[in-house]
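Q: First the structure, then my questions, so here it is.
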Amino acid sequence: MPPRSGTLTLPDPIDPAQAQHDLDLLRRTAKGDRAAFAGLYDRFSRPLFSTALRILGDSREAEDVVHDVFLTLWQRSMEFSEDRGSPFSWAVTMTRNRAIDRVRQRRRRAEILADTPPADLGYGETGANTPADSAEALQARERAGAVRQALSTLPDDQQQAVELAFFSGLTQQEIATNLHQPLGTVKARIRRGLLKLRDALVGKSQP
Amino acid sequence: MSPEELAEQLACLEALDLLEPSEGVTLATLTHQKIGLSAFQRDMREVVGQLAWLAPAGDPPDRLRARILAAPLHRRRTAL
Numbered sequence: 001m002p003p004r005s006g007t008l009t010l011p012d013p014i015d016p017a018q019a020q021h022d023l024d025l026l027r028r029t030a031k032g033d034r035a036a037f038a039g040l041y042d043r044f045s046r047p048l049f050s051t052a053l054r055i056l057g058d059s060r061e062a063e064d065v066v067h068d069v070f071l072t073l074w075q076r077s078m079e080f081s082e083d084r085g086s087p088f089s090w091a092v093t094m095t096r097n098r099a100i101d102r103v104r105q106r107r108r109r110a111e112i113l114a115d116t117p118p119a120d121l122g123y124g125e126t127g128a129n130t131p132a133d134s135a136e137a138l139q140a141r142e143r144a145g146a147v148r149q150a151l152s153t154l155p156d157d158q159q160q161a162v163e164l165a166f167f168s169g170l171t172q173q174e175i176a177t178n179l180h181q182p183l184g185t186v187k188a189r190i191r192r193g194l195l196k197l198r199d200a201l202v203g204k205s206q207p
Numbered sequence: 208m209s210p211e212e213l214a215e216q217l218a219c220l221e222a223l224d225l226l227e228p229s230e231g232v233t234l235a236t237l238t239h240q241k242i243g244l245s246a247f248q249r250d251m252r253e254v255v256g257q258l259a260w261l262a263p264a265g266d267p268p269d270r271l272r273a274r275i276l277a278a279p280l281h282r283r284r285t286a287l
């Protein structure tokens, strides 16, 4: 295993201090602290909503997903194990999985899988509202910039594979078909991409 | 592919929720065998979590905050 495992240091929002703050909020939420729950909402809602909206392309559905995720955070916060990751990554995983579930339901209903546009990964066609100019919004833009910069250090084929894997809701084989590449190639690109992304993010946060 | 590379690859796919069932079994076996794999899996989940910031930024509507915080939050499964 790579020597850095277990010592990951990433830029916001999971720098150690912020991750600890998130953990404190989640623990207080587990004890029924509504103010802490509201704090979690204010910390996480923007990236979770943006992720759901990017996957679903529908603001109302994205709202429903985020609503469902926060209710789950409230109801299951006592089950959270920090051994498995940060509260933020847990929330992102739930959001992504639920949004993808909806996409797959849609696809099954409409049988539109073949219409999924290859490499439709643009950042611009969002339908999202412009973020407010609050301090949190500015901070969010900085975080997004840091991750995008890290992603830009990857070769194009790895960027494409990682983004498609994260946002599309396609299976491994569907991603391979979509990219017109052998399955093994896609798996290797995802692995190399995530490893480089980790290294890039670690590098950015080091002095 | 070396066992280490296979373990890494499966952990990456797991973090993206792309594991096939048979691969999940293999990863579970490797996790028991390889020191540090659990930490690597955690790292990958954190990296994948960061990908959320790649979504085009959009503020959730104010009504969503009100809707969530006003929801019947008493329906907790168990107390601590």
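Chains as they are written, first to last, in my numbering: chain A, 1 to 207; chain C, 208 to 287.
Even glycine gets a Cβ: it sits at the ideal position worked out from N, Cα and C.
1) Specify whether the region 48-57 of chain A and the region 16-33 of chain A touch according to this definition: at least 3 beta carbon pairs, one from each stretch, less than 8 angstroms apart.
2) Helix, strand or coil for residue 21 of chain A, going by three-state DSSP, please let me know.
3) Is it true that the CB of residue 88 of chain A sits closer than 8 angstroms to the CB of residue 42 of chain A?
4) Let me check understanding here. Comparing Cα to Cα, which of A:201, A:169, A:199, A:184 lies closest to residue 57 of chain A?
5) May I ask which residues mark the beginning and end of the alpha helix (DSSP H) holding residue 177 of chain A?
6) Apply the 10 Å Cβ neighbour rule to residue 153 of chain C and answer buried if 16 or more other Cβ atoms are within range, or exposed otherwise.
7) Give me the residue from A:44, A:16, A:84, A:96 with the minimum Cα distance to residue 54 of chain A.
8) What is the rounded straight-line gap between the Cα of residue 245 of chain C and the Cα of residue 188 of chain A?
9) With a CB to CB cut of under 8 angstroms and the five nearest residues on each side skipped, what residues in its chain are close to residue 120 of chain A?
10) CB-CB under 6 angstroms to residue 192 of chain A, same chain, minus the five flanking residues each way: which ones, in chain order?
11) Between A:76, A:38, A:80, which has its C-alpha nearest residue 269 of chain C's C-alpha?
12) If you measure beta-carbon to beta-carbon, which residues of the region 254-265 of chain C are closer than 9 angstroms to chain A?
13) When you compare each of C:276, C:211, C:219 to residue 166 of chain A by their alpha carbons, which one comes out closest?
14) Anything in chain C within Cβ reach of residue 67 of chain A, meaning under 8 angstroms, just list it in chain order.
15) If you run the structure through DSSP and keep just helix, strand and coil, what is residue 154 of chain A?
16) CA-CA distance, residue 208 of chain C and residue 25 of chain A?
17) Which word fits residue 152 of chain A, buried or exposed, when buried means at least 16 other C-beta atoms lie within 10 angstroms of its C-beta?
18) Excluding sequence positions up to five away, which residues of its chain have a Cβ less than 7 angstroms from the Cβ of residue 274 of chain C?
19) Measuring straight from C-alpha to C-alpha, what distance separates residue 216 of chain C and residue 228 of chain C?
20) How would you write the range of the alpha helix (DSSP H) that residue 70 of chain A sits in, first residue to last?
21) Using a 10 Å radius around the Cβ and a threshold of 16 neighbouring Cβ atoms, would you call residue 183 of chain A buried or exposed?
22) If we require 4 or more residues per run, which alpha helix (DSSP H) segments fall completely within the region 232-274 of chain C?
23) What distance in whole Å lies between the Cβ atoms of residue 65 of chain A and residue 102 of chain A, which are believed to be in contact at a cut-off of 8 angstroms?
24) Let me know if residue 145 of chain A comes out buried or exposed under the rule of 16 or more other beta-carbons within 10 Å of its beta-carbon.
A: According to the structure data:
1) Between the region 48-57 of chain A and the region 16-33 of chain A, the count of Cβ pairs shorter than 8 angstroms is below three; the stretches do not touch.
2) DSSP, read as helix, strand or coil, puts residue 21 of chain A in helix.
3) No, the Cβ-Cβ distance between residue 42 of chain A and residue 88 of chain A is not below 8 angstroms.
4) Of the candidates A:201, A:169, A:199, A:184, the residue whose Cα lies closest to the Cα of residue 57 of chain A is A:169.
5) For residue 177 of chain A, the enclosing alpha helix (DSSP H) covers residues 172-179.
6) Nothing can be reported for residue 153 of chain C, as the shown portion of chain C is limited to 208 through 287.
7) Residue 54 of chain A has its Cα closest to that of A:96, out of A:44, A:16, A:84, A:96.
8) Taken atom to atom, the span from the alpha-carbon of residue 245 of chain C to that of residue 188 of chain A is near 20 angstroms.
9) Annotation note: pLDDT 47 at residue 120 of chain A (below 50); position unreliable, no value reported.
10) Annotation for residue 192 of chain A: 158 place their beta carbon closer than 6 angstroms to its own, counting only its chain and skipping 5 residues before and after.
11) Nearest to residue 269 of chain C by C-alpha distance, out of A:76, A:38, A:80, is A:38.
12) Flagged, chain order: 254, 255, 256, 257, 258, 259, 260, 261, 262, 263, 264, 265.
13) The residue with the shortest Cα to Cα distance from residue 166 of chain A is C:219.
14) From the beta-carbon of residue 67 of chain A, the residues of chain C found nearer than 8 angstroms are 271, 274, 275, 278.
15) Of the three classes helix, strand and coil, the one that applies to residue 154 of chain A here is coil, per DSSP.
16) So the alpha carbons of these two residues sit roughly 42 angstroms apart.
17) By the neighbour-count criterion, in which 16 or more other beta carbons inside 10 Å mark a residue as buried, residue 152 of chain A falls on the exposed side.
18) Taking C-beta separations shorter than 7 angstroms and ignoring five residues to either side along the sequence, residue 274 of chain C has no partners in its chain.
19) Spanning the two alpha carbons is a distance of roughly 15 angstroms.
20) From DSSP, the alpha helix (DSSP H) with residue 70 of chain A extends over 59-76.
21) The residue in question, residue 183 of chain A, is exposed, as its Cβ has fewer than 16 Cβ neighbours within 10 Å.
22) DSSP runs (the alpha helix (DSSP H)) wholly in the region 232-274 of chain C: 244-257.
23) Contact between residue 102 of chain A and residue 65 of chain A holds: their C-beta atoms lie close to 7 angstroms from each other, under 8 angstroms.
24) With fewer than 16 other Cβ atoms within 10 Å, it is exposed.
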